[in-house]
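My numbering applies: residue 1 is where the sequence shown begins, and numbers increase by one.
We put the beta carbon where it would ideally sit given N, CA and C, even for glycine.
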Amino acid sequence: MKRELELRDDAFDDFAPLSTAGDHDITHKYVLTCNLVDKTELQCVDLSWNSTGSMICAAFGRPDKFGWCDDSGIICCWSLFRGDFCPSKATHILEYASCFTVVTCHPTHPSLLAAGTFNGEILIYDLTSTHDSLKASSDIDEYFHREPITALLWLHVPTSPGSKQGSYQLASLSGDGKVLWWSLETIENASREAGGCLPHPVGGLEIKGRVPIIGGTAMDFTQSAILVGSESGLVLRCSHNNTIKPFPKLHHIFPSSCGPTTEYEPHVGPITAIVCSPFHRHAFLSVGVDGTLCFRSILQRLPLMSASRISDNADRGCLPTGLYCADWSKFRPLVFAVAGDGGIVRIHDLGTAQPMIPVAELETPPSKAAAINCVTRNRILAVQFNPKQRDFLACGDSAGQVHIWKLSWSLANARTRERQHLQACVVRHQEANV
């Protein structure tokens, strides 16, 4: 009986719930604001839903800063499903002495989040703490980052023997082209014993292609490799080894080689986002300030499909200048969203006849400042699909506002055999590019 219960059940592989009336309606539900953010005129630079999908965390900073940052940064968290929820009153407000650049919630701990600052610091917060929610922070020296943090990702790794919290590591990328790995075990020790100071990372590497990466700007991970974007527009893939070393020496953290690398066709300008598909091990997106959206496979140098405003080919679509964020749907394998200049979130469906033409455009209402200055809309710097509430999507703009959308039934619910359709789409375009 035990063996039979462990067998895979495919009874619901073709299940698709029936649509309801109004399944094409998209609703702009909330505009989340904070008085403290409005006073400081900070921009929403990153977003992250917590593991239960009930809380949205927004990092606020100044992406136009250069040099050292003396301005304070703010993280605001709104619990959307609490009885006392108010769009203009955040559930948690976290302040720090430097502007924030990124934020990411832990995949399984609803109250744990990590943030990166403009000055290169890694901060760990626990929102359940009744005193100080800041549990640990990194230093700034040769073992750590010395440039703004541009990406933070939680990575699942095999649990070490005898460890209860060793199943996740935190990976960070900064403008110096370094990738560092941090262990939850060292974070726990830092908060208990080291007065909140993070010890050195447990591993790392410097991204190098034919030349060293100058200005790492975006990062994501496949099962066996790192994908990194740079200020020069280069998209690079290299291997990684995130094995925990309790007390690594500096030359182990930054080895002379990061292993074999693959360079993809670059963008014309800085990369702003690289996002791997959660449903296909080879598919990923890259977008940049050149306004180009690329749907790629890690197996091919050239994009499988692309869309750009400067394109003369009508089949390739039309996008506004400057794309700053992208994300895949967590429930529909063929759906993703991109956004940037113009204040519009564009949702694409790879299952349509023209995948690079958006199937929906979500226009954010202009802020009061934009209306006074006759500006159409604010730049969108972050977009995130909810990992649990399938019909919720959030975006943050340069006016310091967070917009919550409720998606239509057709955009939120997977269709029959959609994973197989994504696989077929990737294979079809790979063969067409050979």
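Same chain, Cβ closer than 6 Å to residue i, five either side skipped, listed in chain order
i	result
Lys330	Phe385 and Pro387
Pro107	Ser51 and Trp154
Leu180	Ser172, Pro201 and Gly204
Leu225	Checking the sequence shown, residue 225 turns out to be Ala, not Leu. These residues qualify, in order along the chain: Arg237 and Ser239.
Trp182	Leu170 and Pro201
Tyr324	Thr272, Gly340 and Leu381
His251	Because the pLDDT at His251 is just 48, under 50, the model does not fix this residue reliably, and the point stays unresolved.
Ala99	Per the sequence shown, the amino acid found at residue 99 is Cys instead of Ala. Closer than 6 Å at Cβ, skipping near neighbours: Gly61, Arg62, Cys69, Asp71, Gly73 and Phe118.
Residue i versus residue j - alpha carbon distance
i	j	result
Arg146	Gly216	12 Å
Gly322	Ala382	13 Å
Ile149	Thr104	12 Å
Gln423	Leu362	28 Å
Arg390	Ser167	26 Å
Gln169	Asp38	34 Å
Val31	Asp349	26 Å
His282	Thr416	21 Å
Val359	Arg346	8 Å
Ala194	Ile74	Low confidence applies to Ala194: its pLDDT is 46, below 50, so where it sits in the model is not reliable enough to give any reading.
Ala97	Asp64	17 Å
Gln223	Val275	13 Å
Met219	Ala273	7 Å
Val426	Pro266	20 Å
Ser138	Leu127	19 Å
Thr261	Val338	27 Å
Leu334	Trp328	8 Å
Thr130	His92	12 Å
Asn413	Gln401	27 Å
Leu134	Cys57	15 Å
Asp132	Glu142	28 Å
Leu304	Ile298	10 Å
Gln420	Cys77	37 Å
Gly53	Leu407	15 Å
Glu418	Glu41	43 Å
Phe284	Phe336	10 Å
Trp409	Gly67	46 Å
Pro87	Gln43	17 Å
Where residue i sits in the DSSP three-state scheme
i	result
Arg296	strand
Gln389	coil
Leu304	coil
Val287	strand
Arg415	coil
Leu155	strand
His282	coil
Cys69	coil
Leu127	coil
Glu206	strand
Arg379	coil
Leu112	strand
His429	helix
Gln423	helix
Glu142	coil
Gly22	Because Gly22 carries a pLDDT of 46, less than 50, the predicted location of this residue cannot be relied on, and the following value inherits that uncertainty. Three-state result, Gly22: coil.
Ser183	strand
Ser54	coil
Ser137	strand
Ala194	The predicted position of Ala194 is uncertain, since its pLDDT is 46 and thus under 50; no value can be drawn from it.
Ser410	helix
Glu263	strand
8 Å CB neighbourhood of residue i in its chain, flanking five on each side removed
i	result
Pro270	Gly215, Thr217, Gly229, Ser230, Glu231, Ser232, Gly233, Gly288 and Val289
Ile140	Asn119, Gly120, Glu121 and Arg146
Val102	Val45, Asp46, Ala59, Ala115, Gly116, Ile149, Thr150, Ala151 and Leu152
Trp405	Ile26, Thr27, His28, Lys29, Val345, Leu362, Phe392, Leu393, Ala394 and Cys395
Lys178	His145, Gly204, Leu205, Glu206, Ile207, Gly216 and Phe254
Boundaries of the beta strand (DSSP E) in which residue i is found, first to last residue
i	result
Glu77	Note that residue 77 is Cys in the sequence shown, not Glu. Run containing Cys77: Gly73 to Ser79, per the beta strand (DSSP E) assignment.
Gly216	Gly216 to Phe221
Arg346	Ile344 to Asp349
Leu236	Val235 to Ser239
Val359	No beta strand (DSSP E) holds Val359; DSSP gives it neither H nor E.
Thr91	Taken as a continuous stretch (DSSP letters only), Thr91 belongs to no beta strand (DSSP E), as it is neither H nor E.
Leu173	Tyr168 to Ser174
Val103	Phe100 to Cys105
Ser230	Ala225 to Ser230
Cys44	Gln43 to Trp49
Asp454	The structure shown has nothing for residue 454, since the chain only spans 1 to 434.
Alpha helix (DSSP H) segment containing residue i, residue limits
i	result
Leu36	Asn35 to Thr40
Chain-order list of residues whose beta-carbon lies under 7 Å from that of residue i (same chain, five-residue window excluded)
i	result
Gln300	Gln430 and Asn433
Gly175	Glu147, Pro148, Thr150, Gly215 and Gly216
Leu36	Ile74 and Ile93
Ala314	Bear in mind that a pLDDT of 43 at Ala314, under 50, signals an unreliable position, so the model cannot answer this.
Flag this pair as touching only if the stretch 101–111 and the stretch 81–91 have three or more C-beta atom pairs under 8 Å; answer yes or no.
-> no
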